[in-house]
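A short worksheet on the structure shown next.
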Amino acid sequence: MMEQLIGQKLLLAFRGKDKPSNEILRALREYRPGGITLFRSFNMGTPAQIRALTRSLQKLARGLDLPLLLIAADQEGGQLMAFGDGTPLPGNMALGATRSPELARKAGEVLGREMAALGINVDYAPCVDVNLNPHNPVVGTRSFGEDPQTVAALGSAMVEGIQSQGVAATAKHFPGHGDTSSDSHHGLPCIPHSADRLRSVELPPFQEAMRARVKLIMTAHLALPAFDGPDAPPATLSKNILSNLLRRDLGFDGVVVTDAMDMHAIRQGELLREDALRAAQAGADLLLITSDPQDWTRAYEALLQGAQSGQLAQPDLQASLDRISRLKNWLAENATSADLSAIQCAEHMQVASEIAEKSITLVRDEKNYLPIKLEAEKRIAVIVPVPQDLTPADTSSYIQPKLAESIRAYHAQTDEFKIPYAPGVQETASVLEQVRGYDLVVMGTINACAEEKQAEFVRQLLRMGKPVILIAMRLPYDLSAFPQAPTYVCTYGILEPSVRAVAKALFGLSMMTGRLPVSIPGLG
Numbered sequence: 002m003m004e005q006l007i008g009q010k011l012l013l014a015f016r017g018k019d020k021p022s023n024e025i026l027r028a029l030r031e032y033r034p035g036g037i038t039l040f041r042s043f044n045m046g047t048p049a050q051i052r053a054l055t056r057s058l059q060k061l062a063r064g065l066d067l068p069l070l071l072i073a074a075d076q077e078g079g080q081l082m083a084f085g086d087g088t089p090l091p092g093n094m095a096l097g098a099t100r101s102p103e104l105a106r107k108a109g110e111v112l113g114r115e116m117a118a119l120g121i122n123v124d125y126a127p128c129v130d131v132n133l134n135p136h137n138p139v140v141g142t143r144s145f146g147e148d149p150q151t152v153a154a155l156g157s158a159m160v161e162g163i164q165s166q167g168v169a170a171t172a173k174h175f176p177g178h179g180d181t182s183s184d185s186h187h188g189l190p191c192i193p194h195s196a197d198r199l200r201s202v203e204l205p206p207f208q209e210a211m212r213a214r215v216k217l218i219m220t221a222h223l224a225l226p227a228f229d230g231p232d233a234p235p236a237t238l239s240k241n242i243l244s245n246l247l248r249r250d251l252g253f254d255g256v257v258v259t260d261a262m263d264m265h266a267i268r269q270g271e272l273l274r275e276d277a278l279r280a281a282q283a284g285a286d287l288l289l290i291t292s293d294p295q296d297w298t299r300a301y302e303a304l305l306q307g308a309q310s311g312q313l314a315q316p317d318l319q320a321s322l323d324r325i326s327r328l329k330n331w332l333a334e335n336a337t338s339a340d341l342s343a344i345q346c347a348e349h350m351q352v353a354s355e356i357a358e359k360s361i362t363l364v365r366d367e368k369n370y371l372p373i374k375l376e377a378e379k380r381i382a383v384i385v386p387v388p389q390d391l392t393p394a395d396t397s398s399y400i401q402p403k404l405a406e407s408i409r410a411y412h413a414q415t416d417e418f419k420i421p422y423a424p425g426v427q428e429t430a431s432v433l434e435q436v437r438g439y440d441l442v443v444m445g446t447i448n449a450c451a452e453e454k455q456a457e458f459v460r461q462l463l464r465m466g467k468p469v470i471l472i473a474m475r476l477p478y479d480l481s482a483f484p485q486a487p488t489y490v491c492t493y494g495i496l497e498p499s500v501r502a503v504a505k506a507l508f509g510l511s512m513m514t515g516r517l518p519v520s521i522p523g524l525g
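Counting from 2, one number per residue, gives the positions in the sequence shown under this note's numbering.
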C-alpha cells in the first residue's frame, strides 16, 4: 500500500514537449508521483502544445487510477516566465514601484487565468522575499521591494488573484531569501540575523500570504544559525524551520514544497537519497525533483524506505498525504473553464501596460534632459546590452528589448547600438566612437551594478560630455556604479510593456509616478 502512496510526495520534471517521455510514463506507473513541474527549456512551446501536453499527462494519470496531477510552473512575471508566450507582465519590483495591491491582484488574476488555460494548476509564485541586499544575485527584481509591509500587501494580493482563477499560488522562498549575497543554485547561503529580526522583516509577507489562504509555501535552501546553530542545514532540511516555525508557530496548514532538489545547496548524486528523506522528516510535503530519472528513483526509494523503517513517522506521513489530497480536492472543486483565447487577450495586455506605465520611476534629472524635445533632424543613439540569463531563475535571454524601436515611434532619427552584457575594451571603444556624432544618447543598463565592464562602459560614455539619459532596465541599483549620472530612470524590467512605457514617458506623454521600492546605495 505504501508503494502506492509515497510517490504522491514527489513532483517530477522531464524533457519533452510534444508528448510525455517514455521515462515519465514509466515513472507515472512505478512511482505514482503527486505531480509534474514544467520548465521553459524542457517542455514549453506554443500554448496549444502545452495544453495538449498537460491534457495528455492528466489522461495518463486517470488511466493509471492516479489522483489529479499537480502540474506546476514558475510563472512569476518579469524576469522568470516559464511560459514565454504569456502576457508580458512586468515583474514584482515594478509592482512594488506602483505600491498598488489592486494591480498586484490583477497581475495574479492574469497569471492564474493563463495558467488555467494551459492546464497548469500550480504557479510557483509569488516571490515574497524582502530584497534588503542590493547584491542579492538570485532575487532582485523578483521581489516587491525592501519594505516588509509593502511586500506583504502586494504578495497577498497576488495570491488572491492567482487563486481566484482556480490555480494554487506558492509563496516563496521560506523563511526569506531576500538578504543573501549568494545564490542557492550554486551553494548554501547563510542568513546571519537573529530570530527576532527574521520575525520582524522576513516573515510578515509569508504571514500575510497565509491570511490570504495561500495553498503552498516553497522552502529556501539557506542556512539560519539563529534557529539551527553554527552548522545549520538548509531550511529545506530543518525541522526547526519547517515543522516548528512554519507549522507550529505560524500555524500554516497548507502544503510545503521544496525548492528544486538539484540545486547545489542540496547534496547531489547518491547523497540526494539522504537529503530527500531529511526534507520529508523536516516537514516538506512535496519534493521538487528535476529531470534526471536516477534522481526520481533515489528520492522515491529514500521516502519508501523511510516510511517502511519508521524513519518517517506514520502520523506525520499521513498528515502530509492528507494535505496533498486536500490541495488536489481544492483544485478539482475550483477548476475554471479558461481557454487559450485568454492568453495575451486585450484585457490582460492592458493590465501589463497599466503596471508598466505606473511603475516607471524618475530617480533624478539634474540637467533637465526630460522630457526629450529635439528638432526632427537631431539624432538619438540608443545603446542596450544584450540580455542574459544571469541566474538559473531567469528567462531574460529570450527577450530582445525594443527600446530603440519604442523611442523611434516618437523620434524618427533614432539608431540602435547593441553591446554585450560585459563589453570588452575594443567593443566599448567602437560603440563610443560610433555614437560620438549623436545629439542625445539613451543608454539602457542591465545589472551594471554587478558587471564592472558594463559599468565602465557607462562611465566612459558619461565622460564624453554628451547628453545621456540612463535607464536601469532591471536592477535599480545600477546608479550606485555611476553616481555622477545626471538623468536616471528605472523600468525594473526589459519586457515590451515596460520599454514602451518608458519611451512614452521620456517624451513627456505620461507621468513617471513610480517610486523606488528599494534604497540605492550612495543615493542621498
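All residues carry an ideal CB built from backbone N, CA and C; glycine is no exception.
With a CB to CB cut of under 6 Å and the five nearest residues on each side skipped, what residues in its chain are close to residue i?
{"i": "residue 357", "result": "91, 498, 499 and 502"}
{"i": "residue 226", "result": "233"}
{"i": "residue 339", "result": "114, 117 and 118"}
{"i": "residue 445", "result": "385, 404, 472 and 474"}
{"i": "residue 122", "result": "72, 168 and 332"}
{"i": "residue 283", "result": "238, 239, 240 and 243"}
{"i": "residue 164", "result": "170"}
{"i": "residue 376", "result": "none"}
From residue i to residue j, what distance separates their C-alpha atoms?
{"i": "residue 194", "j": "residue 236", "result": "14 Å"}
{"i": "residue 344", "j": "residue 53", "result": "15 Å"}
{"i": "residue 125", "j": "residue 171", "result": "5 Å"}
{"i": "residue 136", "j": "residue 94", "result": "15 Å"}
{"i": "residue 405", "j": "residue 384", "result": "8 Å"}
{"i": "residue 191", "j": "residue 266", "result": "11 Å"}
{"i": "residue 371", "j": "residue 509", "result": "7 Å"}
{"i": "residue 45", "j": "residue 86", "result": "9 Å"}
{"i": "residue 274", "j": "residue 262", "result": "11 Å"}
{"i": "residue 337", "j": "residue 155", "result": "24 Å"}
{"i": "residue 69", "j": "residue 107", "result": "27 Å"}
{"i": "residue 294", "j": "residue 23", "result": "11 Å"}
{"i": "residue 324", "j": "residue 83", "result": "26 Å"}
{"i": "residue 14", "j": "residue 205", "result": "31 Å"}
{"i": "residue 242", "j": "residue 57", "result": "37 Å"}
{"i": "residue 401", "j": "residue 316", "result": "52 Å"}
{"i": "residue 50", "j": "residue 330", "result": "26 Å"}
{"i": "residue 181", "j": "residue 201", "result": "17 Å"}
{"i": "residue 350", "j": "residue 40", "result": "23 Å"}
{"i": "residue 387", "j": "residue 397", "result": "10 Å"}
{"i": "residue 484", "j": "residue 189", "result": "32 Å"}
{"i": "residue 515", "j": "residue 437", "result": "32 Å"}
{"i": "residue 251", "j": "residue 418", "result": "52 Å"}
{"i": "residue 521", "j": "residue 7", "result": "48 Å"}
So, at 7 Å on beta carbons, what are the nonlocal neighbours of residue i in its own chain, with the 5 sequence-adjacent residues on each side left out?
{"i": "residue 132", "result": "140, 141, 144, 146, 147, 179 and 519"}
{"i": "residue 389", "result": "397, 398 and 422"}
{"i": "residue 289", "result": "12, 38, 258, 259, 260, 261 and 262"}
So, for residue i: in the same chain, excluding its five sequence neighbours on each side, which residues have a beta-carbon less than 8 Å away from its beta-carbon?
{"i": "residue 368", "result": "468, 487 and 488"}
DSSP three-state label for residue i, please.
{"i": "residue 4", "result": "helix"}
{"i": "residue 88", "result": "coil"}
{"i": "residue 500", "result": "helix"}
{"i": "residue 20", "result": "coil"}
{"i": "residue 158", "result": "helix"}
{"i": "residue 82", "result": "strand"}
{"i": "residue 415", "result": "strand"}
{"i": "residue 124", "result": "strand"}
{"i": "residue 173", "result": "strand"}
{"i": "residue 399", "result": "helix"}
{"i": "residue 229", "result": "helix"}
{"i": "residue 11", "result": "strand"}
{"i": "residue 45", "result": "coil"}
{"i": "residue 445", "result": "strand"}
{"i": "residue 166", "result": "coil"}
{"i": "residue 275", "result": "helix"}
On the criterion of 16 or more Cβ atoms from any shown chain inside 10 Å, does residue i qualify as buried, or is it exposed?
{"i": "residue 60", "result": "exposed"}
{"i": "residue 66", "result": "exposed"}
{"i": "residue 9", "result": "buried"}
{"i": "residue 42", "result": "exposed"}
{"i": "residue 120", "result": "buried"}
{"i": "residue 100", "result": "buried"}
{"i": "residue 319", "result": "exposed"}
With a cut-off of 8 Å on the beta carbons, I'd call residue i and residue j a contact; round off their distance for me.
{"i": "residue 177", "j": "residue 203", "result": "3 Å"}
{"i": "residue 278", "j": "residue 307", "result": "5 Å"}
{"i": "residue 414", "j": "residue 381", "result": "7 Å"}
{"i": "residue 422", "j": "residue 455", "result": "6 Å"}
{"i": "residue 222", "j": "residue 159", "result": "Contact flag wrong, Cβ pair sits at about 23 Å."}
{"i": "residue 228", "j": "residue 196", "result": "6 Å"}
{"i": "residue 29", "j": "residue 78", "result": "At roughly 31 Å, the Cβ-Cβ gap does not stay under 8 Å, so residue 29 and residue 78 are not in contact."}
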